[in-house]
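*Asks:* Just dropping this structure here.
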């Protein structure tokens with residue numbers, strides 16, 4: 057990194073941290089739930105740092121990530137629905153429109169596990185942790201079709217949250233979509249949409265409609281859930297599907313359904329659900345950091361490592377939030393490069409330790425803002 061090389065006042069720097077996961081093999085016996093409890097306490101303490109304005113809605117997003125592993129010594133590794141050999145990590149994050157996501161619950165599972173397994177408890181834990189962290193008002197639990205199961209949605213409702221889950225295109229959902237009248241579809245401003253000045257509307261290949269739907273009717277009547285089915289349809293634009301020069305006889309659509317009890321207007325609720333893809337950035341950050349690999353052959357040690365990785369991610373996010381608006385939404389790699397891996401020099405004098413930092417560090421003011429917010433103004437060394 058050029059900034060590290062050109063920091064001229066740093067003649068002797070602090071030792072370089074070891075590679076990510078280098079100490080993971082030292083973990084012999086771990087109590088994962090205990091570590092998770094301390095992680096929840098840390099998340100609660102971070103609530104004041106990340107509190108959003110009153111009335112601002114929060115979204116809790118639950119999803120899974122497959123961490124590929126190699127070799128034959130990794131306990132729990134296996135092939136799941138993605139046909140990738142690895143371990144199955146389950147995450148729940150909470151975010152607002154003005155803040156980057158914060159991990160509120162984690163769980164590591166075997167690679168071959170059934171995807172929704174344990175998700176209902178994870179949702180309950182995540183919403184409870186969010187409450188302890190200061191999240192108030194409306195919380196919406198968002199998830200993809202993997203978690204379109206009764207137990208997950210019921211867990212969200214028991215916790216007082218609303219839900220927004222991608223519905224699997226089973227026979228019941230497909231049959232309900234066919235009942236939507238043609239004049240019930242509303243065009244939306246979508247990718248490459250064009251605004252028609254004469255007709256004063258957006259000309260788009262995407263349209264949205266909604267209809268009331270009762271899910272999980274194969275279960276007992278008391279467990280049926282009736283809510284809104286919001287459907288987005290997009291034209292199938294495959295030139296290979298028709299001979300050259302042949303016009304379109306009728307439109308063929310791809311449908312994407314969302315099962316939700318949101319109180320938002322239809323278009324707002326559909327857009328809010330699509331924003332749950334923010335979790336992919338969290339995965340990217342984790343895999344660029346502590347989850348670059350699973351450091352141990354022990355499943356218990358790797359479970360503990362996953363929890364610690366989430367704690368480190370949240371502390372890094374808190375660091376960015378305390379620093380500036382830019383760093384509040386910056387990636388973990390950016391925060392690490394600009395605020396954490398600073399070439400400092402430690403000096404010892406009169407039984408005191410003094411930290412000397414480079415005079416020409418490009419992000420000096422940001423670092424000082426972070427330090428002041430956490431500890432108060434720094435005292436110059438004399």
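Numbering (the numbering used here), first residue to last: 57 to 438.
Note that beta-carbon positions come from the ideal geometry of N, C-alpha and C, so glycine has one too.
Every value quoted in this text rests on a predicted model; they were computed, and no experiment measured them.
1. Which residue or residues does DSSP assign as beta-bridge partners of residue 155?
2. Rounded to a whole number of angstroms, what is the C-alpha to C-alpha distance between residue 392 and residue 232?
3. Looking only at its chain, what residues have a beta carbon closer than 7 Å to the beta carbon of residue 173, apart from the 5 residues adjacent to it on each side?
4. Express the C-alpha separation of residue 361 and residue 224 in angstroms, rounding to a whole number.
5. Thinking just about the alpha-carbon of each residue, which of 272, 238, 323 and 291 is nearest to the one in residue 203?
6. Find out if the Cβ-Cβ distance for the pair residue 127, residue 143 is shorter than 8 Å.
7. Applying the criterion that 16 or more other CB atoms from any shown protein chain within 10 Å of the CB defines a buried residue, is residue 341 buried or exposed?
8. What distance in whole Å lies between the Cβ atoms of residue 178 and residue 148, which are believed to be in contact at a cut-off of 8 Å?
9. With a 10 Å radius around its C-beta and 16 neighbouring C-beta atoms as the bar for buried, classify residue 277 as buried or exposed.
10. Determine whether the beta carbon atoms of residue 236 and residue 314 lie at a separation below 8 Å.
11. Alpha carbon to alpha carbon, how far is residue 129 from residue 326? Give it in angstroms, no decimals.
12. Leaving out the 5 sequence neighbours to the left and right, which residues in its chain are closer than 7 Å to residue 163 when beta-carbon positions are compared?
13. Between residue 400 and residue 413, is the Cβ-Cβ spacing less than 8 Å?
14. Could you name the residues that DSSP lists as bridge partners for residue 266?
15. Taking the alpha carbon of residue 260 as the reference point, which residue from 291, 274 and 182 has its own alpha carbon closest?
*Replies:* Based on what the coordinates show:
1. The count along the chain shown starts at 1 and reaches residue 155 at position 99. Its beta-bridge partners are 152.
2. The residue given as residue 392 occupies position 336 in the chain shown. The residue given as residue 232 occupies position 176 in the chain shown. Each residue's Cα considered, the two are about 49 Å apart.
3. As a first step, residue 173 is located in the chain shown; it is residue number 117 there, counting from the start. Closer than 7 Å at Cβ, skipping near neighbours: 165.
4. Position 168 of the chain shown, counted from the start, is the residue given in the question as residue 224. Position 305 of the chain shown, counted from the start, is the residue given in the question as residue 361. Approximately 33 Å, taken between the alpha carbons.
5. Position 147 of the chain shown, counted from the first residue, corresponds to residue 203. If we check each option's Cα against that of residue 203, 272 comes out closest.
6. Sequence index remark: in the chain shown, residue 127 carries index 71 (1-based). Sequence index remark: in the chain shown, residue 143 carries index 87 (1-based). Taking 8 Å as the Cβ cut-off, residue 127 and residue 143 do not qualify as a contacting pair.
7. Counting from 1 along the chain shown, the entry for residue 341 is found at position 285. It counts as buried.
8. Within the chain shown, residue 148 is the residue found at index 92, counting from 1. Within the chain shown, residue 178 is the residue found at index 122, counting from 1. Yes, they are in contact, since the Cβ atoms of residue 148 and residue 178 sit about 6 Å apart, within 8 Å.
9. Taking the first residue of the chain shown as position 1, residue 277 is located at position 221. Residue 277 should be labelled exposed.
10. Residue mapping note: residue 236 aligns to position 180 of the chain shown, counting from 1. Residue mapping note: residue 314 aligns to position 258 of the chain shown, counting from 1. It is not a contact, given that the beta carbons lie outside the stated cut-off.
11. For this step, residue 326 is matched to residue 270 along the chain shown. For this step, residue 129 is matched to residue 73 along the chain shown. If I take the Cα positions, the gap works out to 44 Å.
12. By one-based count along the chain shown, residue 163 stands at place 107. Here the set comprises 146, 174 and 178.
13. Here residue 400 refers to the residue found at position 344 when the chain shown is read from its first residue. Here residue 413 refers to the residue found at position 357 when the chain shown is read from its first residue. Their beta carbons are under 8 Å apart, which means residue 400 touches residue 413 by this criterion.
14. Within the chain shown, numbered from 1, the residue matching residue 266 stands at position 210. In the DSSP output, where bridge partners are listed per residue, residue 266 has 286.
15. Start at 1 with the first residue of the chain shown, and residue 260 comes out as number 204. Measuring from the Cα of residue 260, the nearest candidate turns out to be 291.
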